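Undergrad: First, the structure itself, so that you have it in front of you.
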Amino acid sequence: MMVCPFRTSNNVPTEPLANARGSPAAVPYSNAELAAMLFDVESDLVERKETFDGEAPNSVRQAICAFANDLPNHRRAGVIFVGASDDGTPVGHEINDALLLKLAHCKTDGDILPLPTMTVHKHAFDGGDVAVITVAPADSPPVRYRGRIWTRVGPRRALASAQDERILNEKRRYGDTPFDVHPLRAATLDDLDLRRFELLYLPEAFSADALQQNDRTMEERLAATKMIASTDEPVPTVLGMLVLGRQPTDFLPGAYVQFLRIAGEERGDPIVDSARIDGPLGEAMSTLDAILRAHVRTSVEVGTARTEIRHATYPLAALQELVRNAVMHRSYESGHSPVQVYWFNKHIEIINPGGAYGDITPDNFGQPGLVAYRNPNLADAMRVTGLVQRYGIGIPLVRRELRANQQSPPEYRVDGHWVSCTVRAKADWLGFRLADR
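The opening position of the sequence shown corresponds to residue 76 in the working numbering, with each subsequent residue numbered one higher.
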């Protein structure tokens, strides 16, 4: 019997069913789950066809392509029911071996590349037999049907946008060589600040004894820290440009932070302060820290106690962590959008281009212990230089700092394109409520 790599949503192994040739083949859903999917409304995991005639062979292949791409990142198999009406009722057509072979041929006829992982079988439901195609999410998307990338958007199929294709490309590279160590072939060593590397980065990355005993050349040191591709190819990497670049935005146009202080609660309200923060990462974060510190308002309560009590609109440590996480986890691969910090009267919104990545989904975002790094080498460099403390504590640290300042936890909105974090100002500050201003 075939071993199925899938499991149902409750992690219970699935039941084996018969494939097109009548031998058992494991599928990712139980009988009850298939029945529920058949009679439920169409979604980004389910499609139904009454027959495999007319335009159906074309649309079924499009659906296979879309389910294999798994743009919503369900990491569950999509299901196509052939022989069922729109409401899920079996139409009574004969589900014979010839039909099942035609459906199985959708995998091998060469129109869908790379070849999808799918099963085809006949299944008996109340009311009649239906052919069932289950399509596993591809390990190496994007999957194309006749050269076009199809995705599933709710109950309909659609051609992938440029942003959709970027997300699918990232899914393919997840686990492969990360983008942050890809070479920037238009750049040269002259575009890196090597003095910054020697004086600031190396002493943090290695002990003094190791540096004294190290007789490596500059190129060898740069290659060892992944700032260049290799000694044979001394081309700056994305990491090298972000950490050491004299002007990173010349090669990575979105590698900066846009700060806006807005007098009001809407983006259309007057802007009272703005800044574009760019340059090598350490310098940029130092500049941003100064801006955040200047805009945090703090009151001092002097009472009978020997120590004064300070109240801040926001804890600076939480804001620093949120912005640095955005810089660390954003996508540098495509698009020119910066990390955006909108500081309103009563809240701050931090927007990170790139969205959920790897094992992180909109549903599990922020859960303790779940970590996936789009830019793992950048994360390590930020740890080396002290910009982050250690891995996996960003969101817990932010929540702890806000709780200590008697503020509500951060609010996240996550999809495949963006992560947006909103922090509400301390409601009771200096004896009055900001909401009453």
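Ideal placement from N, C-alpha and C gives every residue a C-beta, glycine not left out.
Just so you know, these numbers come straight off a predicted model, no measurement behind them.
T312 and L259 - do their beta-carbons sit closer together than 8 Å?
TA: Stepping through the sequence shown from its first residue, residue 259 is reached at position 184. Stepping through the sequence shown from its first residue, residue 312 is reached at position 237. It is a contact, given that the beta carbons lie within the stated cut-off.
Undergrad: Using a 10 Å radius around the Cβ and a threshold of 16 neighbouring Cβ atoms, would you call R223 buried or exposed?
TA: Taking the first residue of the sequence shown as 1, we reach residue 223 at position 148. Taking all protein chains in view, the Cβ of R223 is surrounded by fewer than 16 other Cβ atoms within 10 Å, so the residue is classified as exposed.
Undergrad: Residue ranges of each alpha helix (DSSP H) run of no fewer than 4 residues wholly in the segment 270-300, ordered along the chain?
TA: 277-280, 283-288, 293-299
Undergrad: Of all the alpha helix (DSSP H) runs that stay within the bounds of the segment 400-486, which reach a length of 4 or more residues?
TA: Listed in chain order, they are 451-459, 469-479.
Undergrad: Mind checking whether P278 and G320 have CB atoms under 8 Å apart?
TA: Position 203 of the sequence shown holds residue 278. Position 245 of the sequence shown holds residue 320. Cβ atoms of P278 and G320: not closer than 8 Å.
Undergrad: Can you tell which of Q322, A211, L264 has the C-alpha that lies nearest to the C-alpha of L297?
TA: Taking the first residue of the sequence shown as position 1, residue 297 is located at position 222. Of Q322, A211, L264, the residue nearest in Cα terms is L264.
Undergrad: Can you give me the C-alpha to C-alpha distance between T62 and S409, rounded to a whole angstrom?
TA: Only positions 76 to 512 of the chain appear in this structure, which leaves residue 62 out of reach.
Undergrad: Can the beta-carbon of A280 be found closer than 8 Å to that of T300?
TA: As a first step, residue 280 must be located in the sequence shown, where it is residue number 205. As a first step, residue 300 must be located in the sequence shown, where it is residue number 225. If you check the CB distance, A280 and T300 come in under 8 Å.
Undergrad: As a quick exercise: from G185, L462, G163, G339, pick the residue whose alpha carbon is nearest that of A206.
TA: To locate residue 206, count along the sequence shown from 1; it is residue 131. Measuring from the Cα of A206, the nearest candidate turns out to be G163.
Undergrad: Y487: buried (16+ other C-beta within 10 angstroms of its C-beta) or exposed?
TA: Locating residue 487 in the sequence shown gives position 412, counting from the first residue. Exposed, since its Cβ has fewer than 16 Cβ neighbours within 10 Å.
Undergrad: Near R351, which residues of its chain fall below 7 Å by C-beta distance, leaving aside the five closest residues on each side in sequence?
TA: Position 276 of the sequence shown holds residue 351. Result list for R351: Y331, Q333, in chain order.
Undergrad: Helix, strand or coil: which one does DSSP assign to V494?
TA: The residue you call residue 494 lines up with position 419 of the sequence shown. Reduced to three states, the DSSP call for V494 is strand.
Undergrad: Distance, Cα to Cα, E130 vs Y417?
TA: For the purposes of this step, residue 130 is taken as residue 55 along the sequence shown, with counting starting at 1. For the purposes of this step, residue 417 is taken as residue 342 along the sequence shown, with counting starting at 1. One C-alpha to the other measures close to 49 Å.
Undergrad: Give me the residue from T388, N439, N400, D344 with the minimum Cα distance to M360.
TA: Residue numbering aside, residue 360 sits at position 285 when the sequence shown is read from its first letter. Looking at the Cα atoms, N400 is the closest of the given residues.
Undergrad: Return helix, strand or coil for R151, following the three-state DSSP convention.
TA: In the sequence shown, counting from the first residue as 1, residue 151 sits at position 76. Residue state, collapsed to three classes: coil.
Undergrad: Going by other Cβ atoms of all chains shown within 10 Å of its Cβ, with 16 needed for buried, is H404 buried or exposed?
TA: What you label residue 404 is simply residue 329 of the sequence shown in a count that begins at 1. Classification of H404: buried, given that the 10 Å Cβ count is 16 or more.
Undergrad: Kindly indicate which three-state DSSP category R260 falls into: helix, strand or coil?
TA: Locating residue 260 in the sequence shown gives position 185, counting from the first residue. Note: R260 maps to coil in three-state DSSP.
Undergrad: What residues are listed by DSSP as bridge partners for R232?
TA: Locating residue 232 in the sequence shown gives position 157, where the first residue counts as 1. When DSSP reads this structure, R232 sits in a beta bridge with R227.
Undergrad: By the 10 Å Cβ neighbour count, where 16 or more other Cβ atoms means buried, how is L234 classified, buried or exposed?
TA: Reading the sequence shown from its first residue, position 159 is the one you call residue 234. Under this definition L234 is an exposed residue.
Undergrad: Quick one: Cα of D184 to Cα of E108, how far?
TA: Position 109 of the sequence shown holds residue 184. Position 33 of the sequence shown holds residue 108. C-alpha separation (whole angstroms): 30 Å.
Undergrad: Which residue's Cα is closest to the Cα of F200: I170, D455, R474?
TA: Within the sequence shown, residue 200 is the residue found at index 125, counting from 1. The shortest Cα separation from F200 among I170, D455, R474 belongs to I170.
Undergrad: Below 8 Å on the Cβ atoms is my guess for A500 versus Y432; work out the distance and round it to an integer in Å.
TA: Numbered from 1 along the sequence shown, position 425 holds the residue referred to as residue 500. Numbered from 1 along the sequence shown, position 357 holds the residue referred to as residue 432. Incorrect: roughly 30 Å between the Cβ atoms, too far for contact.
Undergrad: Taking the alpha-carbon positions, what's the V218 to E340 distance?
TA: In the sequence shown, residue 218 corresponds to position 143, counting from 1. In the sequence shown, residue 340 corresponds to position 265, counting from 1. Using only the alpha carbons, I get a separation of about 43 Å.
Undergrad: Express the C-alpha separation of V489 and Y276 in angstroms, rounding to a whole number.
TA: Translated into positions along the sequence shown, residue 276 becomes position 201. Translated into positions along the sequence shown, residue 489 becomes position 414. Spanning the two alpha carbons is a distance of roughly 33 Å.
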